[in-house]
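Take the sequence shown: its position 20, counted from the start at 1, is 24 in my numbering, and no numbers get skipped.
Everything below concerns the one structure shown next.
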Amino acid sequence: MRAGPTGGRGRPANAVPTRPTTSLARVDRPDGALTARGAVDLLPDGVVVADGDGVVRLLNHRAALMLGVSPDAAEGKPLDDVLAVTNQEGAGWCACVRPYDGLVIRTGVPEQSWVLPTGDEVLVAARIHRTPQRGPITEVAVSLRSGRARARLDRERSDLVATVAHELRSPLTGVKGFVQALLNRWDRLNDEQKKLMLTTVHADSDRLSRLITELLDVARLDTGRLSMHQRPCDVGQLTHRVIDSVRAGAPHRIEYDAPDDLPGIWADPDKFTQVLTNVLENAIRHGADPVSVCAWLEGDLVAVRVDDSGDGIAPEIRQRAFTKFWTTGQRGGSGLGLYLVNGLVRAQGGTVTIDDSPAGGARITMTWPAFGPDAD
Numbered sequence: 005m006r007a008g009p010t011g012g013r014g015r016p017a018n019a020v021p022t023r024p025t026t027s028l029a030r031v032d033r034p035d036g037a038l039t040a041r042g043a044v045d046l047l048p049d050g051v052v053v054a055d056g057d058g059v060v061r062l063l064n065h066r067a068a069l070m071l072g073v074s075p076d077a078a079e080g081k082p083l084d085d086v087l088a089v090t091n092q093e094g095a096g097w098c099a100c101v102r103p104y105d106g107l108v109i110r111t112g113v114p115e116q117s118w119v120l121p122t123g124d125e126v127l128v129a130a131r132i133h134r135t136p137q138r139g140p141i142t143e144v145a146v147s148l149r150s151g152r153a154r155a156r157l158d159r160e161r162s163d164l165v166a167t168v169a170h171e172l173r174s175p176l177t178g179v180k181g182f183v184q185a186l187l188n189r190w191d192r193l194n195d196e197q198k199k200l201m202l203t204t205v206h207a208d209s210d211r212l213s214r215l216i217t218e219l220l221d222v223a224r225l226d227t228g229r230l231s232m233h234q235r236p237c238d239v240g241q242l243t244h245r246v247i248d249s250v251r252a253g254a255p256h257r258i259e260y261d262a263p264d265d266l267p268g269i270w271a272d273p274d275k276f277t278q279v280l281t282n283v284l285e286n287a288i289r290h291g292a293d294p295v296s297v298c299a300w301l302e303g304d305l306v307a308v309r310v311d312d313s314g315d316g317i318a319p320e321i322r323q324r325a326f327t328k329f330w331t332t333g334q335r336g337g338s339g340l341g342l343y344l345v346n347g348l349v350r351a352q353g354g355t356v357t358i359d360d361s362p363a364g365g366a367r368i369t370m371t372w373p374a375f376g377p378d379a380d
């Protein structure tokens with residue numbers, strides 16, 4: 005049974021549909037001003053307005069498309085007949101929500117997920133209007149919003165969970181395996197074997213720590229809560245540390261070139277290290293020897309460039325490389341590296357660009373605000 009103000013079909017028993025009020029009527033305006041219908045037709049969400057008798061008085065174009073009805077034909081019909089959305093059990097919105105029933109202090113219905121006749125998800129919310137002093141209901145305004153945005157957000161969250169599970173599984177498996185071997189065969193292992201296993205466990209632990217830091221930074225970037233501790237930094241010193249650290253994890257030929265009088269940069273040293281580590285590891289993952297790193301002063305910015313000799317990134321997809329979970333090739337990582345690189349560099353006043361390297365691979369150039377007497 006469809007519920008109305010008194011349990012009927014969207015309006016009280018024996019009620020006669022009232023004439024549309026002037027504020028909701030479809031009035032011709034020769035002066036070109038918007039009518040109520042024209043105004044709500046501009047909204048991106050569906051809007052259905054019913055009067056105090058549960059009769060639809062206004063339906064915008066977006067709602068008509070969602071519900072598969074004609075605005076002219078829907079106006080004057082019971083709300084329950086027009087608002088044909090159901091829950092997973094097949095029950096209608098009016099029957100479940102009963103907007104005309106309940107306490108006089110009731111002012112609305114929170115947003116909930118419902119199903120359109122087409123099977124698509126729609127988010128439905130309502131506002132209940134009454135006469136002054138908590139009197140009878142005068143209008144019920146219902147909004148319908150496509151559930152695609154929420155579905156996309158849910159997919160992103162699922163992708164993040166899947167990425168975390170995949171990326172954590174590999175180092176955790178290594179740590180567990182080597183620790184178990186050390187516990188079971190400690191007396192039978194020589195010092196070199198023990199050292200190799202402990203070194204591997206240490207490297208896997210560092211990888212886990214970096215991944216957790218990346219995930220936290222992704223969350224902070226998305227919510228605008230990323231904190232920076234910028235101060236004068238020596239580019240050469242930080243770059244050499246990153247190169248040594250990357251070489252220790254994956255032996256590779258990395259060449260570095262920069263002028264001796266290169267000024268410092270104004271940056272968060274931890275974030276600079278994180279950015280350059282991500283770029284270098286990405287270059288090693290997708291390219292071959294050597295990887296080239298160079299830095300120079302460019303106006304009031306210090307540019308740091310990394311060239312690899314891999315397959316490169318096609319011009320038409322370079323902007324996509326800075327989105328979350330974007331990977332390419334057979335050895336794609338978590339898909340968070342370049343997203344973080346772009347976000348962390350821009351948060352410190354710099355830029356990131358992707359071009360072709362002379363070796364045919366990718367060239368990633370990052371700029372940082374210069375700091376020092378040589379800066380312009």
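No residue lacks a Cβ here, since even glycine has one placed at the ideal position from N, Cα and C.
Note that this is a predicted model, so its numbers are computed, not measured.
For residue i, which of helix, strand or coil comes out of DSSP?
{"i": "V108", "result": "coil"}
{"i": "M232", "result": "coil"}
{"i": "P362", "result": "coil"}
{"i": "V89", "result": "coil"}
{"i": "W270", "result": "strand"}
{"i": "W118", "result": "strand"}
Going by DSSP, what residues sit across from residue i in a beta bridge?
{"i": "D261", "result": "C298"}
{"i": "I368", "result": "V310, I358"}
{"i": "L148", "result": "G50, V128"}
{"i": "R134", "result": "I141"}
Measure the C-alpha to C-alpha separation of residue i and residue j and round it to an integer number of angstroms.
{"i": "R211", "j": "G341", "result": "13 angstroms"}
{"i": "P353", "j": "V250", "result": "Just to set this straight, residue 353 is Gly in the shown sequence, not Pro. The alpha-carbon atoms of G353 and V250 are separated by roughly 26 angstroms."}
{"i": "I247", "j": "L193", "result": "32 angstroms"}
{"i": "I358", "j": "H290", "result": "15 angstroms"}
{"i": "R229", "j": "A366", "result": "31 angstroms"}
{"i": "R156", "j": "E93", "result": "24 angstroms"}
{"i": "A299", "j": "V179", "result": "37 angstroms"}
{"i": "R257", "j": "V308", "result": "18 angstroms"}
{"i": "A29", "j": "T371", "result": "Low confidence applies to A29: its pLDDT is 43, below 50, so where it sits in the model is not reliable, and the reading given next is rough at best. A29 and T371: Cα-Cα distance of roughly 58 angstroms."}
{"i": "T39", "j": "R61", "result": "13 angstroms"}
{"i": "L266", "j": "P175", "result": "38 angstroms"}
{"i": "Q184", "j": "W190", "result": "10 angstroms"}
{"i": "S117", "j": "V128", "result": "6 angstroms"}
{"i": "G314", "j": "P255", "result": "17 angstroms"}
{"i": "T355", "j": "A287", "result": "18 angstroms"}
{"i": "L187", "j": "Q197", "result": "13 angstroms"}
{"i": "D105", "j": "A223", "result": "42 angstroms"}
{"i": "A41", "j": "R149", "result": "The residue you asked about is not Ala; residue 41 is Arg in the sequence shown. Rounded to whole angstroms, R41 to R149 spans 18 angstroms at the Cα level."}
{"i": "H206", "j": "I368", "result": "30 angstroms"}
Please classify residue i as buried or exposed, where buried requires at least 16 neighbouring CB atoms within 10 angstroms.
{"i": "S275", "result": "Just to set this straight, residue 275 is Lys in the shown sequence, not Ser. K275 should be labelled buried."}
{"i": "E285", "result": "buried"}
{"i": "Q278", "result": "buried"}
{"i": "E320", "result": "exposed"}
{"i": "E218", "result": "buried"}
{"i": "K199", "result": "exposed"}
{"i": "T111", "result": "exposed"}
Taking only beta-carbon atoms, is residue i less than 8 angstroms away from chain D?
{"i": "R159", "result": "Structure shown: chain D not included; a single protein chain is present."}
Of the residues the options, which one's Cα is nearest the Cα of residue i?
{"i": "P384", "options": "Q92, E93, A54", "result": "No statement about residue 384 is possible, as the shown extent of the chain runs from 5 to 380 and does not include it."}
{"i": "V108", "options": "A374, H133, W97", "result": "H133"}
{"i": "G303", "options": "A374, T355, Y260", "result": "A374"}
{"i": "H233", "options": "T177, L63, Y104, I269", "result": "I269"}
{"i": "E171", "options": "A153, L202, D49, L215", "result": "L215"}
{"i": "A99", "options": "R110, P82, T111", "result": "P82"}
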